[in-house]
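A short write-up of the structure that comes next.
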Amino acid sequence: MRLDGFRFRYLGPFGSEGVAVEGLVPGLNVLADHNERGKSSLLRGLQLFLLQGHTSWGKRGHPVKRDDGATTGEIDFTHDGTAYRLIKTYQRGKDAQLIDRSTGAVLAKKGEADERMAAIMGTIDKARGPSGLLWIEQGQSMDAVQDDDRLVASKVETEMSVLVGGDRARDYLARTEAALGELLTATGRPRVGGPLKAAEDALVRIEADLLDAERRRDQTRQIGRELDRARSALAALQAQDDTDADVRIAAVRDELDAALTARAHWETAKAVQQRLQAETERANDRLTRHLDHVRAYDDAAAGMADENAAIASHEARRNELKAQQSRIDADLRELRQEQARQVEREAAKARANRLQERQIALEQLQARLSSLDTTLAARTEQIQARDALPEIDRDGLDQLGALEATIDRLDRALSGVEVTLRLDLLPGAQAEIDGKPIISGSVTLDATTVLTLPGAGYIRLDAPEADALKIQRETARSDIEARLHTIGVADYAAAADAVRRRVDIASDLESLEREIARIAPQGRDRLIDHQQVLERDIAALETKLNDAEPDDCATDPDRVATDIAQQSAQRIVTEEALQDVSGKLEGARARLDAHRRAMAALPADVALDARGARQSELAASAATAQARLETAQSDLERLTDSVRTDPDILKASLNRLIQVRDNRAAELEELQRRVVELQARRSGVLDRSDPDTEANALMEQRDTLRETIKRHRQRAGALSLLRDTLTEAQLRLQAEYTAPVRRELAPLLARVIDGADLSLSETLGPQGLLRNGRDDTLDRLSGGTREQIAILTRLAFARLLARGGQPCPVILDDALVHADDDRRARMFDVLTYVGSGEDPLQLLYLSCHERAARELGGHRLRFDSWPEN
Numbered sequence: 000m001r002l003d004g005f006r007f008r009y010l011g012p013f014g015s016e017g018v019a020v021e022g023l024v025p026g027l028n029v030l031a032d033h034n035e036r037g038k039s040s041l042l043r044g045l046q047l048f049l050l051q052g053h054t055s056w057g058k059r060g061h062p063v064k065r066d067d068g069a070t071t072g073e074i075d076f077t078h079d080g081t082a083y084r085l086i087k088t089y090q091r092g093k094d095a096q097l098i099d100r101s102t103g104a105v106l107a108k109k110g111e112a113d114e115r116m117a118a119i120m121g122t123i124d125k126a127r128g129p130s131g132l133l134w135i136e137q138g139q140s141m142d143a144v145q146d147d148d149r150l151v152a153s154k155v156e157t158e159m160s161v162l163v164g165g166d167r168a169r170d171y172l173a174r175t176e177a178a179l180g181e182l183l184t185a186t187g188r189p190r191v192g193g194p195l196k197a198a199e200d201a202l203v204r205i206e207a208d209l210l211d212a213e214r215r216r217d218q219t220r221q222i223g224r225e226l227d228r229a230r231s232a233l234a235a236l237q238a239q240d241d242t243d244a245d246v247r248i249a250a251v252r253d254e255l256d257a258a259l260t261a262r263a264h265w266e267t268a269k270a271v272q273q274r275l276q277a278e279t280e281r282a283n284d285r286l287t288r289h290l291d292h293v294r295a296y297d298d299a300a301a302g303m304a305d306e307n308a309a310i311a312s313h314e315a316r317r318n319e320l321k322a323q324q325s326r327i328d329a330d331l332r333e334l335r336q337e338q339a340r341q342v343e344r345e346a347a348k349a350r351a352n353r354l355q356e357r358q359i360a361l362e363q364l365q366a367r368l369s370s371l372d373t374t375l376a377a378r379t380e381q382i383q384a385r386d387a388l389p390e391i392d393r394d395g396l397d398q399l400g401a402l403e404a405t406i407d408r409l410d411r412a413l414s415g416v417e418v419t420l421r422l423d424l425l426p427g428a429q430a431e432i433d434g435k436p437i438i439s440g441s442v443t444l445d446a447t448t449v450l451t452l453p454g455a456g457y458i459r460l461d462a463p464e465a466d467a468l469k470i471q472r473e474t475a476r477s478d479i480e481a482r483l484h485t486i487g488v489a490d491y492a493a494a495a496d497a498v499r500r501r502v503d504i505a506s507d508l509e510s511l512e513r514e515i516a517r518i519a520p521q522g523r524d525r526l527i528d529h530q531q532v533l534e535r536d537i538a539a540l541e542t543k544l545n546d547a548e549p550d551d552c553a554t555d556p557d558r559v560a561t562d563i564a565q566q567s568a569q570r571i572v573t574e575e576a577l578q579d580v581s582g583k584l585e586g587a588r589a590r591l592d593a594h595r596r597a598m599a600a601l602p603a604d605v606a607l608d609a610r611g612a613r614q615s616e617l618a619a620s621a622a623t624a625q626a627r628l629e630t631a632q633s634d635l636e637r638l639t640d641s642v643r644t645d646p647d648i649l650k651a652s653l654n655r656l657i658q659v660r661d662n663r664a665a666e667l668e669e670l671q672r673r674v675v676e677l678q679a680r681r682s683g684v685l686d687r688s689d690p691d692t693e694a695n696a697l698m699e700q701r702d703t704l705r706e707t708i709k710r711h712r713q714r715a716g717a718l719s720l721l722r723d724t725l726t727e728a729q730l731r732l733q734a735e736y737t738a739p740v741r742r743e744l745a746p747l748l749a750r751v752i753d754g755a756d757l758s759l760s761e762t763l764g765p766q767g768l769l770r771n772g773r774d775d776t777l778d779r780l781s782g783g784t785r786e787q788i789a790i791l792t793r794l795a796f797a798r799l800l801a802r803g804g805q806p807c808p809v810i811l812d813d814a815l816v817h818a819d820d821d822r823r824a825r826m827f828d829v830l831t832y833v834g835s836g837e838d839p840l841q842l843l844y845l846s847c848h849e850r851a852a853r854e855l856g857g858h859r860l861r862f863d864s865w866p867e868n
C-alpha cells in the first residue's frame, strides 16, 4: 500500500476550511511545521479513516472528534497497482465509499467499503493493522522496548501471522490443550470428573469386588496348577543353569500363542452369535410390525365409516343455522340504517356548534394579523433608519478615538521640543507668531510654532526628533480623514452619534422581533394559511347545514338500540352454534383425513387380500433366523471350554521367566516362598464354594474398563504429542524468520551505532545490544539509544513486509526527540536509505523541529486548505 494524498475537514484543529496534504511520493516525505499545527491529528485521522469503520469513532477517533461539523475525509492510495480513493463521513450523515480513481467507479459503500478496507489493511481478524508497529505516534517511539520485550512481537503478529501460523495454529493448539485438559491435569494426573479418572475409579471398585472372587477361583482351580508349575520351575532352576531359561521362555510363548489362537476363535464365534442374535431380533420385529399394521388398517377402516356418518349430520345442522343467521342479518341491517339516520341528526347539531366556534376563531385570527402587520411596518421603518446611518460599529469608533488620542499625544510631544531666541527688530520691522505680533526680546519656539518676518521669510525650529513626530502626526491625521470620509461623517462626534443611534435601533429591533415571535411564532404565512383553513371550514359547514334534508320521522333511539342489542345477542348465539357445528364438522373431516392418511401410510401387504401370505413369509423367516442362532450358540458354548487359560497369566509367566534369567537367585527364593504359601492357601480354602460365575462377570467388566483406560491414555499421549509438536513447530518457524529480520536490521543498526549488533528474542522483540564484546540489556541503555533501536527495528520489519509483498507506509511523528546531533544525522541517513533505491519504503516524517528537519532532505510537503465549497 502507498499513500498518494489525504484531506480532512472538522478533524482535530481543522474546521470548515479543512486541510489537504497532496503529492506524496514512494520514498521519504517530510512535513515540518510549528507546534499546534495539527500534524499529530493527521496521523490520528489516517488511523481513524483507514482502520476504523464509519459507524463508530472507536478509541482512535475521540481525541480528534469535533462537535461543530461532520468529520469528513478523503484518502488517495495505491494498492496492488490499483489507485483508490476512500471517502468517509462520521457523526451526521455517516457514509463510506471506496472508489477506483482511474475509472471513477464506486467499488463499495458503507459496511462493504469498511470490509474492503479491512482486507486491504489486514485488520479482518485484529483491528490493529500497521498502526501499532509502523505508525509511531508522538511520544510513543520507545513503546517497543519498555518493560516487556513481547510488545513488538505482539504488534507485528497481525502483519506476519502467515509466517508463524497465526490464529489458526493457536486455535489448533488451544483445542488440543482443551481436549487434553479433559483427561489430565497440568501435572499429568487424571483430572477429577474427567473420563479417564472416572474409568480408573470404576476399575478400582470393580477390582475390589473381584478380589475375593479371584482369590477363591485361583485357590480352587489354579492354586494346584500354579503349585505344580512353581515346584517344577523350582526344581528346574535348581537343577539347570541359566541357559535353560531360553527354552522355558520359548515353551511359554508357544503356550501363549495357542491360548491367543483359541481366544481369537472364541471371539469370532461370539461375533457370529451376536450377529445372528441381531438378525433374529430384526426378523421378529418385522413380524410384530406387520401384525401392528394389520390392526391399524382395520381400525382406520372402521373409523372412516363412523366419521362419514358424523359429517352428514353436522352439515345438515350447519345449513339450518346459516338460514337463521341470514334472517337475523336482514333485521339488523334495517335497525342499523335507522340508527345511522339518528346519528346524522346529531351530527347536524354538532356542525352548527363547530360553525360558531370557527367564526369566533376567525375573528381572533384577523385581529392578530392586524397587530402583526402594524409591528412589521414599525420594524421596516427601523431597518430603513438603520440603513440610512453611516456604516460604523463600536470597533471602528474605538479606532478613531485611538487615532485622536495619538494626535493629541504627538502634539504634546512636539510642544516639548523648544528653543529660545534673542530677537532684535530694526525700527519699522515687524514679526509675528501664529498671526500675533511680537516685539524685540526673548522668543521661545517649539516644534509647532512658526516665527513670521513679513517681507523677509519664516523661521521654524529644525529638530530631527520633531520631524519624526510631525510625520507621525500627519500620518495619523490622514488616516482619520480617510476613515471619516469612508464612513461618511464629518468628525469623531458625528461617528459616535451614529454608533449610539445604531445601538438604540438594534435594541428596538430586538423588541419588535420578540413581539413578532409572540404574535406569529411560525411566521405570517402560517397565520394566513390558518385563516384560509378556517374560512374553508366555515364555508364547508355552512354548505352542509344548508344541504341537510329535514327529517320529521324521528324514532325512539332507546327502542332502536334495544332491538339491535336483542338481535345482536341472538346472532351471537347463532354464530356460536354455527362455529360449534363447523368445528365439529372440521374435526370429523380432519379425523377422516387422518384415517385416510394412516391407511395410505401402511404397506400394501396389509390389505385383506395380501396380509395372509406376507404374515406366513415373515413367520418362516423368523423361525429360520432362530434356528441359525441356536446353532451358533451351541458352537460358542463348545469353544468356551477351550479358552479357560487366561493369556494374561501366560504373559505374566513369560515376564517372570525373563526376570529369572536376569536374577536367578532372587527368583529361587521367591519360588520357594511361593510353594510354601500355595500349599498353605490350598489346604485352607478347599472347602469353599466355586465362584466361577461371579468371577467371570467381574473379569469381563474389569477387562472392558482396562480397554477404556488404555484408549483414554493412548488419546492423552497422542494429544500431548500433538501439543508438543505444534509448540515446537511455532518455535521453529519463529527461529526461521528471526534471521531475515536481523539481516534487514544489521546494515541500518551499523550505520547508527558503530560495531553494534542487536539480538532478538524468540518473540522478535529486541533483547540486547552487542558491541565491543559486551552484551547490554535494553534497560541498561540510554533513552535515546532505546528510541533509535525501536525505530530501526520497525524499519526492518517494514522492509521485510515489503519484500514479502505486503508494503505499507511508515509514519513517524516526532520520533527522534531523544537523539543527539550525531545520532540524528545518522538516523536521517538511514531514513533516506530505506526511502530510496529500486524498491523504496514510503515514509511520512512529521516534525515540529523545522530547523532539524531541513537536514533530513526528502520530498517536502505542506499544509493546504480543503474548504467545504
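All letters in the sequence shown, in the order written, are residues 0 to 868 by numbering that gives the first Met the number 0. A virtual CB, placed ideally from N, CA and C, is assigned to each residue, including glycine.
What would DSSP say about residue i, mapped onto helix, strand or coil?
i	result
E854	coil
V342	helix
F7	strand
E73	strand
A869	Residue 869 is absent from the structure shown; the chain starts at 0 and stops at 868.
V251	helix
V29	strand
W865	coil
Y171	helix
I458	strand
P746	helix
V24	coil
A814	coil
Y844	strand
If we call anything under 8 Å between Cβ atoms a contact, is residue i one with residue j?
i	j	result
W877	A19	In the structure displayed, the chain extends from 0 to 868; residue 877 sits before or after that span and is not available.
P389	A494	yes
W56	Y89	yes
L697	D208	yes
L628	L275	yes
L577	L331	no
V498	L396	yes
R750	D828	yes
L607	H292	no
A117	K108	no
A430	L420	no
I810	L133	yes
K269	L720	no
L843	G834	no
V29	A852	yes
T573	I327	yes
Since residue i sits in a beta bridge, which residues does DSSP pair it with?
i	result
G440	L422
T81	H78
K108	Q96
L450	I432 and I458
Whose C-beta lies closer than 6 Å to the C-beta of residue i among residues of the same chain, with five residues either side of it excluded?
i	result
G11	G37, S40 and V63
S15	E867
Here's a check: name, in chain order, each residue in its chain whose Cβ is nearer than 7 Å to the Cβ of residue i, leaving out the five neighbours to either side.
i	result
H264	L638
V251	L649, S652, L653 and L656
E870	Residue 870 is absent from the structure shown; the chain starts at 0 and stops at 868.
I391	I486, A494, A497 and V498
L725	A168, Y171, L172 and T175
Below 8 Å CB to CB, which residues in the same chain sit around residue i once its five sequence neighbours on both sides are set aside?
i	result
I310	L584, A587, R588 and L591
A519	R367, L371, R525 and L526
*asked:* If contact is defined by three or more beta carbon pairs under 8 Å, each pair taking one atom from either stretch, is the region 507 to 520 in contact with the region 368 to 384?
replied: yes
*Report yes or no: do the region 414 to 427 and the region 447 to 461 share at least 3 C-beta pairs separated by less than 8 Å?*
yes
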